[in-house]
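**Student:**
2 protein chains.
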Amino acid sequence: MMFSKACEYGIRAAVYIALQSLEGRRVSVTEIAEEIDSPVAFTAKILQQLNRNKIVHSVKGPTGGFEIEREDMDSVKLNMIVKAIDGDQIYKGCGLGLKECNALQPCPLHDKFVDIRTNLKKMLQNTSLYELAMGLEVGLTYLKR
Amino acid sequence: MMFSKACEYGIRAAVYIALQSLEGRRVSVTEIAEEIDSPVAFTAKILQQLNRNKIVHSVKGPTGGFEIEREDMDSVKLNMIVKAIDGDQIYKGCGLGLKECNALQPCPLHDKFVDIRTNLKKMLQNTSLYELAMGLEVGLTYLKR
DNA sequence: TTAATAAAGGACAATTTTATCCGATTTATA
DNA sequence: TATAAATCGGATAAAATTGTCCTTTATTAA
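Protein sequence lines, in the order shown, are assigned to chains A and B. Following the numbering used here, the numbering of the first sequence begins with 2 at its first residue and continues without gaps. Following the numbering used here, the numbering of the second sequence begins with 2 at its first residue and continues without gaps.
Have a look at this one:
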C-alpha cells in the first residue's frame with residue numbers, strides 16, 4: 002500500500018541475502034524466493050535492479066548467487082532500495098496527485114502530508130540492512146507469512 | 002503513491018463539492034472533473050461509490066448533481082473516503098506485504114511502520130471535509146496543477 | 001405529457017504492474 | 001574442454017488499475 006509489490010519483495014530479498022551473507026553463504030534466486038515467499042522469476046528481475054544499483058552483489062555460474070558485503074549492510078539504507086525500485090515518487094509526489102504541489106501552491110492536504118512523509122523519509126534513511134538482518138537472526142522478526 | 006488514483010480523485014472531488022455546497026451550489030460531474038482536472042467518466046464512477054457510502058449526496062435529473070450537507074462536512078473525515086475507495090489495507094496491511102504481520106510475528110519493519118501509520122491514521126481521522134474546503138475558499142490551497 | 005438534463009450502471013478498452021518463459025552468457029569444476 | 005549451474009535479458013502473458021462509451025433511469029420544467 003505504501004511500496005509497490007516489487008519494492009516489498011526487494012526489501013525482503015535484500016534482508017534475507019544480508020542475513021545469509023553474515024553466515025558466509027551466497028544464495029540463489031530460487032532459495033531467496035522460497036524463503037521470502039515470492040514469485041521466482043519476478044524476484045530475479047528485481048534482484049537485477051538491485052545489482053545494477055550496487056545494493057546487492059551477484060556472481061554468475063556454479064557456486065554463484067547473491068551476496069552483500071559486510072560493510073554494505075551498514076551503508077545500504079532502506080531509502081536506497083526504495084529509490085532503486087519505486088523511484089522518488091514517495092519523496093516528491095503530491096498526496097492528492099497534483100503535478101505541482103508545494104509550499105507556495107499547496108494541495109489541501111500538503112502540510113499534513115509533509116509531516117508524515119518527513120517521518121517516513123527519516124525512518125528509511127536511518128534503517129540499515131544490517132539492523133534488519135540482525136532482528137531476523139535473533140529470531141525477533143520474520144520474512145514469511 | 003500512498004492512495005490510489007481513484008482515491009486521490011475521490012478526495013479532491015469531495016472537497017470541491019463541499020466548497021460549492023457551502024455556496025449553496027449543486028455541481029455536475031462534468032464541472033467537478035473540470036475543476037479538479039480528472040477524467041470525467043472515471044470520476045463519475047468514484048462519485049457513485051462515495052454516494053453509496055453516504056459521503057456525498059446525489060440528485061438525478063435537471064438541476065441535479067452532487068452536494069454535501071453542511072453537517073456532513075464536519076462528520077465526514079478523510080479516513081472514511083479512503084476506506085470507501087481503497088478499503089482498509091492502509092490500516093491493516095503489512096509494510097513488507099506479509100499476510101500475517103503483528104506484534105507477535107512482526108516483519109523486520111513492523112515497529113517502525115506502526116509509528117508512521119499511526120500518525121497517518123490519526124491525521125486522516127481528524128481531518129474533516131469542512132476543514133479542507135475552508136482552506137480552498139480562503140485561497141490558501143488548490144485542487145489543480 | 002413531452003423533452004431535456006443529470007446520475008446510474010454495464011460493457012469494454014488502455015495502461016500499468018505483476019508475473020512467467022526461455023535462450024544467451026558467464027563461470028566453476030570434473 | 002565439456003558440462004552443468006547460475007545470473008542476465010528479452011519477449012510475452014496475466015491481472016489489476018485506470019479510463020471510456022453508451023444505454024437506462026430518474027426528475028425537472030415547459
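In this text, a Cβ means the ideal position worked out from N, Cα and C, and glycines have one as well.
Nearest to B/L130 by CA position, among B/I37, B/G88, B/I82, B/Q49, is which residue?
**Tutor:** Start at 1 with the first residue of the second sequence, and residue 130 of chain B comes out as number 129. Of B/I37, B/G88, B/I82, B/Q49, the residue nearest in Cα terms is B/I82.
**Student:** Give the range of the alpha helix (DSSP H) segment to which A/V41 is assigned.
**Tutor:** On the first sequence, position 40 is the one that residue 41 of chain A refers to. Counting along the chain, the alpha helix (DSSP H) containing A/V41 begins and ends at 41-53.
**Student:** Which of the three DSSP states, helix, strand or coil, is assigned to B/S76?
**Tutor:** Counting from 1 along the second sequence, the entry for residue 76 of chain B is found at position 75. Three-state result, B/S76: helix.
**Student:** Check the Cβ of A/P107 against every Cβ in chain B and list those closer than 9 angstroms, keeping chain order.
**Tutor:** As a working note, residue 107 of chain A is residue 106 in the first sequence. Going along chain B in sequence order, the residues near A/P107 (Cβ under 9 angstroms) are G136, L141, T142, Y143.
**Student:** Under three-state DSSP, which class holds B/F114?
**Tutor:** Within the second sequence, the letter at position 113 stands for residue 114 of chain B. The answer is helix: DSSP assigns B/F114 an H, G or I state.
**Student:** Do you know offhand how far B/R71's Cα is from A/Q126's?
**Tutor:** By one-based count along the second sequence, residue 71 of chain B stands at place 70. By one-based count along the first sequence, residue 126 of chain A stands at place 125. In a straight line, the C-alpha of B/R71 is about 43 angstroms away from that of A/Q126.
**Student:** Apart from the five residues just before and just after A/T142, which ones in its own chain have a Cβ nearer than 7 angstroms to its Cβ?
**Tutor:** On the first sequence, residue 142 of chain A is found 141 positions in, with the first residue counted as 1. Here the set comprises G136.
**Student:** If we define contact as Cβ-Cβ less than 8 angstroms, is B/V41 a contact residue for chain A?
**Tutor:** Position 40 of the second sequence holds residue 41 of chain B. False, the Cβ-Cβ gap to chain A never drops below 8 angstroms.
**Student:** Considering only the beta carbon of each residue, do A/D87 and A/S5 sit closer than 8 angstroms?
**Tutor:** Taking the first residue of the first sequence as 1, we reach residue 87 of chain A at position 86. Taking the first residue of the first sequence as 1, we reach residue 5 of chain A at position 4. Yes, the Cβ-Cβ distance between A/D87 and A/S5 is below 8 angstroms.
**Student:** Closer than 8 angstroms is the cut-off here; do at least three beta carbon pairs connect the region 13-27 of chain B with the region 63-79 of chain B?
**Tutor:** Counting Cβ pairs under 8 angstroms, three or more are found: they touch.
**Student:** Please classify B/N103 as buried or exposed, where buried requires at least 16 other C-beta atoms within 10 Å of its C-beta.
**Tutor:** Numbered from its first residue, the second sequence carries residue 103 of chain B at position 102. Exposed is the call here.
**Student:** Buried or exposed: where does B/A42 fall if 16 or more other Cβ atoms within 10 Å of its Cβ makes it buried?
**Tutor:** For the purposes of this step, residue 42 of chain B is taken as residue 41 along the second sequence, with counting starting at 1. Classification for B/A42: exposed.
**Student:** Under the DSSP definition of a beta bridge, which residues are partnered with B/V28?
**Tutor:** What you label residue 28 of chain B is simply residue 27 of the second sequence in a count that begins at 1. Paired residue(s): B/F67.
**Student:** Output, in chain order, the set of chain B residues within a Cβ distance shorter than 8 angstroms of A/N120.
**Tutor:** As a first step, residue 120 of chain A must be located in the first sequence, where it is residue number 119. Under the 8 angstroms cutoff, chain B gives D116, I117, N120.
**Student:** Would a C-beta distance cut-off of 8 angstroms place B/L144 and B/E9 closer than the cut-off?
**Tutor:** Residue numbering aside, residue 144 of chain B sits at position 143 when the second sequence is read from its first letter. Residue numbering aside, residue 9 of chain B sits at position 8 when the second sequence is read from its first letter. No, these two residues do not count as a Cβ contact at 8 angstroms.
**Student:** Does DSSP put A/V83 in a helix, in a strand, or in coil?
**Tutor:** Within the first sequence, residue 83 of chain A is the residue found at index 82, counting from 1. Residue state, collapsed to three classes: helix.
**Student:** To the nearest angstrom, how far is it from the Cα of B/G66 to the Cα of B/A34?
**Tutor:** The residue labelled residue 66 of chain B in the question sits at position 65 within the second sequence. The residue labelled residue 34 of chain B in the question sits at position 33 within the second sequence. Each residue's alpha carbon lies about 13 angstroms from the other.
**Student:** So which residues on chain A does B/V77 lean against when the C-beta distance must stay under 9 angstroms?
**Tutor:** As a position in the second sequence, residue 77 of chain B is number 76, starting the count at 1. None at all; the shortest Cβ gap to chain A is about 14 angstroms.
**Student:** Which residue comes first and which comes last in the beta strand (DSSP E) that contains B/S156?
**Tutor:** Lying before the first or after the last residue shown, residue 156 of chain B is absent from chain B, which here runs from 2 to 146.
**Student:** Could you check where the alpha helix (DSSP H) with A/A7 kicks off and where it finishes?
**Tutor:** To locate residue 7 of chain A, count along the first sequence from 1; it is residue 6. Taken as a continuous stretch (DSSP letters only), the alpha helix (DSSP H) holding A/A7 covers 6-23.
**Student:** Using a Cβ-Cβ cutoff of 9 angstroms, what residues of the region 9-30 of chain A are near chain B? List them in chain order.
**Tutor:** So the list reads E9, Y10, I12, R13, V16, given in the order they occur along the chain.
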